[in-house]
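Under the working numbering, the first residue of the first sequence is numbered 2, with each subsequent residue one higher.
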Amino acid sequence: MDKTFQPTNIETRWYQEWEDKGYFAPQGGEQAYSIMIPPPNVTGSLHMGHGFQEAIMDALIRYHRMSGYNTLWQPGTDHAGIATQMVVERQLEAQGINRHDLGREKFIEQVWKWKEKSGGAITQQMRRLGASLDWSRERFTMDPGLSAAVQEVFIRLYREGLIYRGQRLVNWDPALHTAISDLEVISEEEQGHMWHFKYPLAGAQGHLIVATTRPETMLGDCAVAVHPEDERYAGLIGSTVMLPLCDREIPIIADEYVDREFGTGCVKITPAHDFNDYEMGRRHELPLINILNDDAAINDNAPESYRGLDRVEARQRVIADMDALGFLDKVVDHTLSVPRGDRSGVVIEPYLTDQWYVDAKKMATPAIAAVENGDIQFVPKQWENTYFAWMRDIQDWCISRQLWWGHRIPAWYDADGNFYVGESEEAVRKDNTLGDEIMLRQDEDVLDTWFSSALWTFSTLGWPDETEELVTFHPSSVLVTGFDIIFFWVARMIMMALHLRQEVPFHTVYIHGLVRDSEGQKMSKSKGNVIDPIDLIDGIELDELILKRTSGLMQPQLATKIEKSTRRQFPNGIASYGTDALRFTYYSLASTGRDIKFDIGRIEGYRNFCNKIWNAARYVLMNCETEDCGTQTDAPVELSLADRWIISKVQETTAEVARAVANYRFDMASQALYEFIWNEYCDWYLELSKSVLWDDNASREAKRGTRQTLIRVLEIWLRLLHPMMPFITEEIWQSVGPLAGKSGPTIMLQPYPEPNEHDIDLRANENIEWLKLVIEGVRNIRGEMNIPPGKELSVLLRKGDENDRSRLAKNSQYLRKLAKIETIEWLAKDDDVPLAATALAGELEILVPMAGLIDKDIEIARLTREISKLEADLTRLQGKLGNAAFVDKAPAAVVAKEQDKMQTQLQALTTLQEQLQRIRDI
RNA sequence: AGGGCCUUAGCUCAGUUGGUUAGAGCACCUGCAUGACAUGCAGGGGGUCGGCGGUUCGAGUCCGCCAGGCCCUACCA
Numbered sequence: 002m003d004k005t006f007q008p009t010n011i012e013t014r015w016y017q018e019w020e021d022k023g024y025f026a027p028q029g030g031e032q033a034y035s036i037m038i039p040p041p042n043v044t045g046s047l048h049m050g051h052g053f054q055e056a057i058m059d060a061l062i063r064y065h066r067m068s069g070y071n072t073l074w075q076p077g078t079d080h081a082g083i084a085t086q087m088v089v090e091r092q093l094e095a096q097g098i099n100r101h102d103l104g105r106e107k108f109i110e111q112v113w114k115w116k117e118k119s120g121g122a123i124t125q126q127m128r129r130l131g132a133s134l135d136w137s138r139e140r141f142t143m144d145p146g147l148s149a150a151v152q153e154v155f156i157r158l159y160r161e162g163l164i165y166r167g168q169r170l171v172n173w174d175p176a177l178h179t180a181i182s183d184l185e186v187i188s189e190e191e192q193g194h195m196w197h198f199k200y201p202l203a204g205a206q207g208h209l210i211v212a213t214t215r216p217e218t219m220l221g222d223c224a225v226a227v228h229p230e231d232e233r234y235a236g237l238i239g240s241t242v243m244l245p246l247c248d249r250e251i252p253i254i255a256d257e258y259v260d261r262e263f264g265t266g267c268v269k270i271t272p273a274h275d276f277n278d279y280e281m282g283r284r285h286e287l288p289l290i291n292i293l294n295d296d297a298a299i300n301d302n303a304p305e306s307y308r309g310l311d312r313v314e315a316r317q318r319v320i321a322d323m324d325a326l327g328f329l330d331k332v333v334d335h336t337l338s339v340p341r342g343d344r345s346g347v348v349i350e351p352y353l354t355d356q357w358y359v360d361a362k363k364m365a366t367p368a369i370a371a372v373e374n375g376d377i378q379f380v381p382k383q384w385e386n387t388y389f390a391w392m393r394d395i396q397d398w399c400i401s402r403q404l405w406w407g408h409r410i411p412a413w414y415d416a417d418g419n420f421y422v423g424e425s426e427e428a429v430r431k432d433n434t435l436g437d438e439i440m441l442r443q444d445e446d447v448l449d450t451w452f453s454s455a456l457w458t459f460s461t462l463g464w465p466d467e468t469e470e471l472v473t474f475h476p477s478s479v480l481v482t483g484f485d486i487i488f489f490w491v492a493r494m495i496m497m498a499l500h501l502r503q504e505v506p507f508h509t510v511y512i513h514g515l516v517r518d519s520e521g522q523k524m525s526k527s528k529g530n531v532i533d534p535i536d537l538i539d540g541i542e543l544d545e546l547i548l549k550r551t552s553g554l555m556q557p558q559l560a561t562k563i564e565k566s567t568r569r570q571f572p573n574g575i576a577s578y579g580t581d582a583l584r585f586t587y588y589s590l591a592s593t594g595r596d597i598k599f600d601i602g603r604i605e606g607y608r609n610f611c612n613k614i615w616n617a618a619r620y621v622l623m624n625c626e627t628e629d630c631g632t633q634t635d636a637p638v639e640l641s642l643a644d645r646w647i648i649s650k651v652q653e654t655t656a657e658v659a660r661a662v663a664n665y666r667f668d669m670a671s672q673a674l675y676e677f678i679w680n681e682y683c684d685w686y687l688e689l690s691k692s693v694l695w696d697d698n699a700s701r702e703a704k705r706g707t708r709q710t711l712i713r714v715l716e717i718w719l720r721l722l723h724p725m726m727p728f729i730t731e732e733i734w735q736s737v738g739p740l741a742g743k744s745g746p747t748i749m750l751q752p753y754p755e756p757n758e759h760d761i762d763l764r765a766n767e768n769i770e771w772l773k774l775v776i777e778g779v780r781n782i783r784g785e786m787n788i789p790p791g792k793e794l795s796v797l798l799r800k801g802d803e804n805d806r807s808r809l810a811k812n813s814q815y816l817r818k819l820a821k822i823e824t825i826e827w828l829a830k831d832d833d834v835p836l837a838a839t840a841l842a843g844e845l846e847i848l849v850p851m852a853g854l855i856d857k858d859i860e861i862a863r864l865t866r867e868i869s870k871l872e873a874d875l876t877r878l879q880g881k882l883g884n885a886a887f888v889d890k891a892p893a894a895v896v897a898k899e900q901d902k903m904q905t906q907l908q909a910l911t912t913l914q915e916q917l918q919r920i921r922d923i
């Protein structure tokens with residue numbers, strides 16, 4: 002074995018082996034446990050969020066697989082309609098063509114080519130993380146089977162009246178030429194202006210003043226609205242104004258929606274270009290005047306001079322023209338929230354089009370109930386409120402997209418605009434008895450990607466066929482995902498599964514936090530603060546990291562700033578930490594769904610932990626490999642106190658890990674393991690074992706017992722740790738397992754350790770705690786006096802009870818070894834006490850004679866510090882116990898505990914004060 | 001506008017139903033090439049738990065108000 006742990010060579014080797022041998026496939030077992038991966042974009046690449054999410058899923062999966070469940074982790078990817086189409090369109094653009102030049106069929110071919118080329122990248126990266134997905138079952142949302150499921154669902158819901166076609170105002174992305182759902186619109190505050198326009202009254206003197214943030218929309222105005230009880234305008238309701246530039250007479254209407262306090266209290270109403278105005282238009286039966294085309298340029302419904310102008314130009318022209326006519330009252334600065342497409346980044350226009358919708362309200366009712374009645378539970382629970390709030394006010398879901406990449410809508414139109422929904426043109430003709438003379442054309446649009454993702458938990462298992470997998474693994478056990486897609490995906494999966502299968506898609510939804518950079522900033526390409534998980538695993542040179550962060554920027558001028566901050570943050574690039582360290586870092590930070598600030602210091606610490614594990618195993622193997630460990634034969638063994646203690650401790654750890662995992666507290670599980678392995682097994686047990694193994698006088702049985710315990714306990718905690726650190730545990734287990742008497746090809750299919758009350762030895766725990774106290778007392782003196790660790794000490798003991806004496810008698814070999822003590826002697830009651838530094842272990846006094854070793858002033862300072870601590874504590878205790886209310890009302894056990902404590906502290910105080918006095922006196 | 005979350009050591013974070021002297025890692029200081037490990041060992045320092053008030057014998061923990069930070073939803077033209 003190498004002296005330090007080298008992750009790179011072992012990781013890929015083991016992953017290859019596991020995958021080749023088919024260990025990731027379900028292995029049978031009475032109870033099923035399944036997780037469906039949130040499908041990443043097929044052409045995407047792995048980021049820190051994926052890494053975090055997959056680390057959690059893999060820990061759950063490996064844990065349950067080892068615990069004997071029939072375990073499936075379903076892999077797959079999503080076709081990501083808009084995102085993928087955009088990428089390919091950009092590639093075409095570089096060649097100077099667009100998708101229309103190519104035509105639909107050729108374009109889709111191009112997209113498939115791109116998918117073939119880059120589609121494997123993310124799944125390869127997932128393998129680097131050690132994710133034990135059953136790749137033999139990998140699915141893609143555009144696979145024939147999943148596409149068939151999508152079509153089936155569309156037709157079924159349509160026939161049930163849950164999908165309908167309608168003309169509505171939608172969120173229109175003028176760059177991508179498609180409708181998008183509410184959720185794909187990101188509104189953020191931006192600095193803008195508010196223009197106040199005068200609209201002259203028709204057939205009378207005077208004018209009204211309306212305010213708008215989008216002046217160009219006035220070309221589509223159909224009314225001006227005031228509040229019905231607004232006295233200023235009461236007389237004008239029912240009359241008309243003359244809309245400037247258009248010379249159209251539009252009514253003044255009254256509607257309670259208008260806020261009298263805001264602006265002038267008059268609102269221009271543009272029903273075809275504003276969601277609120279649309280509703281008001283319906284209430285008042287106003288016409289809809291659409292003034293835009295698909296590019297958001299002005300169309301022929303507007304006066305001639307504006308036609309063809311882009312919306313931005315049109316705005317300037319309208320303002321200028323209104324100003325020229327004297328109708329521009331004023332312009333004020335105004336902060337407004339601007340809706341932008343989450344993919345394109347351009348301003349979204351409310352736009353009147355024909356689209357397909359899912360009637361979400363009907364489907365939401367059972368989906369709400371499923372969470373209310375606990376069939377589905379969110380972890381952490383508070384997310385249920387977010388879910389309820391959205392579901393109870395859910396809007397119909399616009400599912401059609403004006404794209405080419407995706408599942409085409411199975412609807413056909415005749416020349417008269419009638420449409421028919423069915424499996425195919427043939428089926429539609431047959432079902433509707435349409436002769437060949439009737440021309441039919443299929444709907445050009447495709448479905449929202451989330452429509453297919455919503456079916457993911459069961460479409461991947463073969464639905465609509467009632468396959469064995471479907472029966473076994475659906476509902477899935479838990480969904481692990483981020484809060485950002487609760488609405489997009491989680492809610493829609495729940496609705497679909499309940500409607501189509503009358504069962505929930507999963508029992509638990511584990512919501513994790515966002516991974517941010519070390520300053521708490523969201524990681525993003527444009528900020529240049531992205532860390533690629535693979536770079537943490539393999540390491541990356543500074544120059545390469547800078548190049549990675551600054552290439553392909555949307556705003557190239559940010560490059561210098563990004564370079565500077567990268568140089569500051571990673572002056573030496575990023576070291577190679579290995580997958581296990583990265584995973585352990587994720588777990589250690591995974592507390593109750595809060596965001597994670599990723600700190601490079603943490604991963605470094607866990608790389609060191611890996612090295613610690615490696616070397617602990619090295620020590621154990623060096624001492625066990627060619628020796629009799631009592632695991633293969635029935636040779637007699639004798640277990641020492643240390644052996645019994647560490648066996649006891651590993652049981653406690655096992656129970657703690659089980660409890661933590663059951664509560665999705667991976668931070669607690671990882672901490673329990675870290676603490677046990679480093680601070681108990683390595684720091685204490687390995688050191689204690691040396692005093693047996695290196696003792697020529699120790700019996701064969703004792704040595705055998707220690708070797709057996711060393712190897713068995715190591716083997717147990719390797720299995721405990723495996724779901725979190727799969728690679729290092731496998732590598733070590735290959736040598737350790739057989740020595741511990743285990744057989745099998747891989748640790749990943751070994752049984753997960755279960756807590757065993759029987760192995761907990763409370764007396765051994767107490768004895769070791771005593772031993773630690775005494776050793777730490779001596780070490781404290783040694784440390785504070787700067788006595789070299791190699792220097793052997795003579796130690797005197799004083800006071801103490803029978804317990805102390807018998808413990809000393811049994812354990813002096815440990816004391817000598819771990820505290821580097823040459824001689825230990827008890828002082829009799831009447832013996833003179835030599836000048837010495839003092840430590841206390843309960844009532845036992847530990848004295849290290851000062852002669853030649855100890856500086857008087859340092860000891861005085863040390864004692865004074867200890868004494869003042871005790872005094873402060875005693876004051877507090879006396880106050881507490883002197884308070885009648887406390888003694889009366891607090892539980893007797895609490896009072897007794899405080900009294901005990903006070904006794905102990907008083908005694909310690911007296912002892913130390915005496916010591917201090919003695920030293921001062923010399 | 002409504003709702004939620006967060007504020008604990010220099011930094012990143014734990015702290016179950018209120019009950020020892022509030023913990024860990026990193027960083028810091030001191031000593032150390034000891035036969036698993038310097039990616040290490042041993043010892044040490046460091047916090048009025050954001051502020052104010054309340055409930056309680058007792059509050060980091062429960063309640064209210066305030067300050068600061070983050071997020072979600074809805075959006076007033």
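Glycine is no exception: its CB is placed at the ideal position from the N, C-alpha and C atoms.
(Q) For Gly579 and Pro789, what's the separation of their Cα atoms in angstroms? (A) Gly579 and Pro789: Cα-Cα distance of roughly 36 Å.
Q: Taking only runs that begin and end inside the segment 262-332, name each unbroken beta strand (DSSP E) of 3 or more residues, in chain order.
A: 268-270
**Q.** Sufficient close CB pairs (3 or more, under 8 Å) joining the segment 686-702 to the segment 662-674
**A.** no
Q) Buried or exposed: where does Asp174 fall if 16 or more other Cβ atoms within 10 Å of its Cβ makes it buried? A) buried
**Q.** Nearest neighbour of Glu716, chosen from Val651, Asp360, Gln558, Gln904 [CA to CA]
**A.** In this structure, Val651 is the residue among Val651, Asp360, Gln558, Gln904 with its C-alpha nearest to the C-alpha of Glu716.
Q: Just grab the DSSP bridge partners of Phe484 for me.
A: Paired residue(s): none; Phe484 is not in a bridge.
**Q.** Residues bridged to Cys399 (per DSSP)
**A.** BP columns for Cys399 point to Tyr358.
Q | Secondary structure of Met243, DSSP reduced to three states | A | strand
Q: Just confirm the distance between the C-beta atoms of Thr865 and Leu910, as a whole number of angstroms; I'd bet it's less than 8 Å.
A: Going by Cβ atoms, the distance from Thr865 to Leu910 rounds to 12 Å, so no, they are not a contact pair.
(Q) Please state the DSSP three-state secondary structure of Met392. (A) helix
Q. Distance, Cα to Cα, Asp635 vs Leu61?
A. 37 Å
Q: Decide yes or no for the touch test of the segment 732-744 against the segment 588-607: beta carbon pairs closer than 8 Å, at least 3 of them.
A: Verdict: no, contact absent.
**Q.** Complete alpha helix (DSSP H) runs within the segment 435-485 (minimum length 4 residues, chain order)
**A.** 450-454, 457-460, 469-474
(Q) I'd like to check one pair, Pro76 with Arg138: are the Cβ atoms closer than 8 Å? (A) Yes. Within cutoff.
Q.
For Gln803 and Ala673, what's the separation of their Cα atoms in angstroms?
A. It should be pointed out that residue 803 corresponds to Glu in this sequence rather than to Gln. Going by the C-alpha atoms only, they are around 34 Å apart.
Q) With contact counted as at least three CB pairs below 8 Å, one residue from each stretch, are the segment 776-785 and the segment 812-823 in contact? A) Touching, per the Cβ criterion.
Q. Thinking just about the alpha-carbon of each residue, which of Leu130, Leu134, Glu424, Gln709 is nearest to the one in Val154?
A. Glu424
Q. Which one or two residues does DSSP pair with Ile253 in a beta bridge?
A. Val225
Q. Which residues in the same chain as Glu190 place their Cβ atom closer than 6 Å to its Cβ, once the five residues preceding and following it in sequence are excluded?
A. Thr336, Ser338
Q: Jot down the residue ranges of each uninterrupted beta strand (DSSP E) in the segment 29-55, minimum 3 residues, whole runs only, in chain order.
A: Within the segment 29-55, the runs of beta strand (DSSP E) at least 3 residues long that lie entirely inside it are, in chain order, 33-37.
Q. Of the residues Val227, Cys247, Lys800, Ile270, which one's Cα is nearest the Cα of Ala255?
A. Val227
Q.
Can you list, in chain order, the residues of its chain with a C-beta nearer than 8 Å to that of Ala617? Leave out the 5 residues immediately preceding and following it.
A. For Ala617, the CB contacts under 8 Å within the same chain, skipping 5 residues up- and downstream, are Ile678, Tyr682, Cys683, Leu687, Leu715 in chain order.
Q) My guess is that Leu237 and Tyr200 are in contact by the Cβ rule of under 8 Å, so how many angstroms apart are they, rounded? A) Actually they are not in contact, since the Cβ atoms of Leu237 and Tyr200 sit about 11 Å apart, beyond 8 Å.
Q) Can you name the start and end residues of the beta strand (DSSP E) that Glu823 belongs to? A) 822-827
Q) Quick check: the segment 620-631 against the segment 8-24, are there 3 or more CB pairs under 8 Å? A) no
Q) In three-state terms, what does DSSP make of Ala412? A) strand
Q: Over the uninterrupted beta strand (DSSP E) stretch that includes Lys743, give me the two end residues.
A: Run containing Lys743: none; DSSP gives neither H nor E here.
Q.
Our contact map puts Ile290 next to Gly221 with C-beta atoms below 8 Å; I'd like the distance itself, whole angstroms only.
A. Rounded to the nearest angstrom, the Cβ distance from Ile290 to Gly221 is 4 Å, consistent with a contact under 8 Å.
Q.
Using 8 Å as the cut-off, can you tell me whether the segment 471-487 makes contact with the segment 433-445, which would need three or more C-beta pairs spanning the two stretches below that distance?
A. Proximity of the segment 471-487 to the segment 433-445 falls short of the contact definition, fewer than three beta-carbon pairs being nearer than 8 Å.
**Q.** For His723, the residue or residues it bridges with in DSSP
**A.** His723 pairs with nothing; no bridge assigned.
**Q.** With 16 other Cβ atoms within 10 Å as the buried cut-off, status of Arg91
**A.** exposed
Q) What number of angstroms, rounded off, separates the C-alpha of Arg764 from the C-alpha of Phe141? A) 58 Å
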